[in-house]
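Notes follow the structure.
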Amino acid sequence: MPLSMDSIPHYTLTEVIVVGILAEVLLYGLVSLYNGRKQLLPATSHPRPCIPVTEKHVSKSTYCLRDGLDLPFSGKRVSNRLVKAPMTERVCAFDRENEIDHGKPNSALFRLYEEWSHGQYGIIITGNILVDKHHLEAVGNPIIDRALPSQPSTCSTNAVHPYTSAYAEIASYARKHSPSTLVIAQLNHPGSHSSDKLTPVPVSPSGVLAAPAMGETYNRPRALTEAEIWDIIDRFAYAAYTLRLAGFDGVQLHAAHGYLLTQFLSPLTNLRTDAWGGARHCPASFSISVKLNSQDFLVGGFTIEDSLALCVLLEQHNVDFVEISGGTYDSMVTAFTYARESTRKREAHFIDFSEMLRQQLTKTKVVLTGGFKTADGMARAIEDGACDFVGLARTTAAEPRFGASLLASRTTGARPTLIPDHIGLQIGAAFVQIKDVGEGREPTDFAKPEEATKFLRALGVVA
Numbered sequence: 007m008p009l010s011m012d013s014i015p016h017y018t019l020t021e022v023i024v025v026g027i028l029a030e031v032l033l034y035g036l037v038s039l040y041n042g043r044k045q046l047l048p049a050t051s052h053p054r055p056c057i058p059v060t061e062k063h064v065s066k067s068t069y070c071l072r073d074g075l076d077l078p079f080s081g082k083r084v085s086n087r088l089v090k091a092p093m094t095e096r097v098c099a100f101d102r103e104n105e106i107d108h109g110k111p112n113s114a115l116f117r118l119y120e121e122w123s124h125g126q127y128g129i130i131i132t133g134n135i136l137v138d139k140h141h142l143e144a145v146g147n148p149i150i151d152r153a154l155p156s157q158p159s160t161c162s163t164n165a166v167h168p169y170t171s172a173y174a175e176i177a178s179y180a181r182k183h184s185p186s187t188l189v190i191a192q193l194n195h196p197g198s199h200s201s202d203k204l205t206p207v208p209v210s211p212s213g214v215l216a217a218p219a220m221g222e223t224y225n226r227p228r229a230l231t232e233a234e235i236w237d238i239i240d241r242f243a244y245a246a247y248t249l250r251l252a253g254f255d256g257v258q259l260h261a262a263h264g265y266l267l268t269q270f271l272s273p274l275t276n277l278r279t280d281a282w283g284g285a286r287h288c289p290a291s292f293s294i295s296v297k298l299n300s301q302d303f304l305v306g307g308f309t310i311e312d313s314l315a316l317c318v319l320l321e322q323h324n325v326d327f328v329e330i331s332g333g334t335y336d337s338m339v340t341a342f343t344y345a346r347e348s349t350r351k352r353e354a355h356f357i358d359f360s361e362m363l364r365q366q367l368t369k370t371k372v373v374l375t376g377g378f379k380t381a382d383g384m385a386r387a388i389e390d391g392a393c394d395f396v397g398l399a400r401t402t403a404a405e406p407r408f409g410a411s412l413l414a415s416r417t418t419g420a421r422p423t424l425i426p427d428h429i430g431l432q433i434g435a436a437f438v439q440i441k442d443v444g445e446g447r448e449p450t451d452f453a454k455p456e457e458a459t460k461f462l463r464a465l466g467v468v469a
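Under the numbering used here, the first residue of the sequence shown carries the number 7, and numbering increases by one thereafter.
Pasting the structure below:
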């Protein structure tokens, strides 16, 4: 049974549903029991060899990027400071009439993670894995839905998700050329941010319509009932348990970019007056991280102060690391262009917030994602104490092995691109490159004028 609402203390708006989900994933899904399971699974352990680089070939700017670091609560060792940040891949099968293969990880996804394993990243975080087959972020999302038929587990008498072995392959491929890499799975529910082409009636905390964004439009959602909220919590717990069985090192809860957890966090989308405007707490176990906005960049929305307060609370709940991003999809352009000139020179979009956050946290680590281009910029962020880890997303779509090249001083920065500095266009270009790698091709080189023009012409940006 889930925790009783009467037994859970209430907090302020800044301590909302993310901690509720976190508490339930930990207690209900992993530490306590899930459907009669009585023990926490034994922690996975992987050898952690050093990056094979001789000192004479290492530039000073990469020294700190090669330093290992222990996560504070799970105790897991991260071999270096580079993180392959999560990006939606959208390469899985999409067939709602075929429950055996709908959202199942496939060879394209395996190929992607094998290629990323060459990058020698300290942590690889997957793209979002959806916890409800009826509520997807996009066509091609991987799914873990407990409603899909189960098959007997080889290690217990309990039923496990039929995709467990497929997810185990993702973890295996992600470590294939880098056994030291920690593999973290990102879990998500889109809430109101599910395309109107996919979801006739999406759900959200309060039925607030999502604004069109990134070329997508959305149907008006209905407000979740309390029973449905508990069901979603249960889905996150089930997915976390499945991924634990599959050999992942931990999970990340996606509480950024306007998806369901973000919707509970923002006063603009959470108008509820019941207990789900509050939160809950518990001790933690297993490696748990949260992807969080520094702010929404919307008037009256989730603020910097809200985010700082929530991160402090997450630390109290033994969250190993928070990954910092910013904005919802309808405010994303603002989020990535608001920075002062001094911030732009430091490359990372949210580095000012990250510095403030690190001053508030004593144990939980900070992953700063977005904007890094050069080894010097990454090293400076680490050395100046702005973050503990550097998150790389679109760069790893263009150059899956970028991390290894950087750590070995074979490159000093990301490959240039002729795609305009617009977040929507750059995300679209990354989708093209992810599809290329998944289908066994080299990622499209958008430094070539003909490739950039072809892409922009297909979108109607140029004639």
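For every residue, glycine included, the Cβ atom is placed at its ideal position computed from N, Cα and C.
- If you draw a straight line from the Cα of Thr68 to the Cα of Glu445, it is about 32 angstroms long.
- DSSP lists Asp76 as the bridge partner or partners of Arg83.
- Beta-bridge analysis with DSSP links Val189 to Ile130.
- In terms of Cα proximity to Leu230, the closest of Asp280, Asp73 and Val372 is Asp280.
- DSSP places Gly253 outside both helix and strand once states are collapsed to three, so it counts as coil.
- For the pair Ser200 and Thr94, the Cα-to-Cα distance works out to about 13 angstroms.
- With 16 or more other Cβ atoms inside 10 Å of its own Cβ, Val257 counts as buried.
- Per DSSP, the unbroken alpha helix (DSSP H) holding Phe359 starts and ends at Ile357 to Gln366.
- Under the three-pair Cβ rule at 8 angstroms, the region 313 to 331 counts as touching the region 248 to 263.
- Per the coordinates, the alpha-carbon of Pro406 lies some 42 angstroms from the alpha-carbon of Glu232.
- Using a Cβ-Cβ distance cut-off of 8 angstroms, the region 357 to 368 and the region 382 to 393 are in contact, since at least three pairs of beta carbons, one from each stretch, lie closer than that value.
- The closest CA to that of Lys379, considering only Leu88, Arg250, Pro78 and Lys82, is found on Leu88.
- Residue environment analysis places Glu311 among the exposed positions, since fewer than 16 neighbouring C-beta atoms fall within 10 angstroms of its C-beta.
- Ile429 is positioned such that its CB atom lies no closer than 9 angstroms to that of Leu374.
- A distance of 9 angstroms or more separates the beta carbons of Lys82 and Glu105.
- Short of 6 angstroms from the beta carbon of Ala174, and not among the five residues preceding or following it, lie these beta carbons of its own chain, in chain order: Ala252 and Gly253.
- Closest option to Ile433, judged by alpha-carbon separation, among Thr248, Pro92 and Leu412: Pro92.
- When C-alpha distances from Ile150 are compared across Cys98, Ser212, Ala387 and Ala217, the shortest belongs to Cys98.
- Between Ser85 and Ser186 the beta-carbon gap is near 4 angstroms, inside 8 angstroms, which marks them as a contact.
- Burial is judged here by how many other beta carbons sit within 10 angstroms of a residue's own beta carbon; Asp240 has at least 16 and is buried.
- When secondary structure is reduced to three states using DSSP, Gly397 falls in the strand class.
- One Cα belongs to Leu136, the other to Glu143, and the distance between them is close to 8 angstroms.
- Residue state for Thr248 is assigned as helix, using DSSP reduced to three classes.
- A Cβ-Cβ contact shorter than 9 angstroms links Phe395 with Gly128.
- In the structure shown, Gly264 falls within a coil segment according to DSSP collapsed to helix, strand and coil.
- Within the DSSP bridge table, the entry for Ser331 names Asn299 as partners.
- A contact between stretches requires three or more CB pairs, one per stretch, nearer than 8 angstroms, and the region 187 to 197 meets this requirement with the region 265 to 281.
- In the same chain as Glu234, and ignoring 5 residues on each side of it, the C-beta atoms closer than 8 angstroms to its own belong to Val209, in chain order.
- Arg447 counts as exposed, since fewer than 16 other C-beta atoms from the protein chains shown sit within 10 angstroms of its C-beta.
- DSSP, reduced to helix, strand and coil, places Ile150 outside both helices and strands of the structure shown, so it counts as coil.
- Residue state for Arg117 is assigned as helix, using DSSP reduced to three classes.
- For Ser295, same chain residues with a beta-carbon under 7 angstroms away, outside a window of 5 residues either side, are Ile190, Gly256, Gln258, Val325, Asp326, Phe327, Val328 and Glu329 in chain order.
- Of the other Cβ atoms in all chains shown, 16 or more fall within 10 Å of the Cβ of Ala404; this residue is therefore buried.
- Lys90 and Thr402 do touch by the CB rule: their CB atoms are close to 5 angstroms apart, below 8 angstroms.
- Annotation: Thr417 is outside any beta strand (DSSP E) and is labelled neither H nor E by DSSP.
- Taking each of Gly376, Val372 and Lys369 in turn and checking the Cα distance to Phe356, the smallest one comes out for Gly376.
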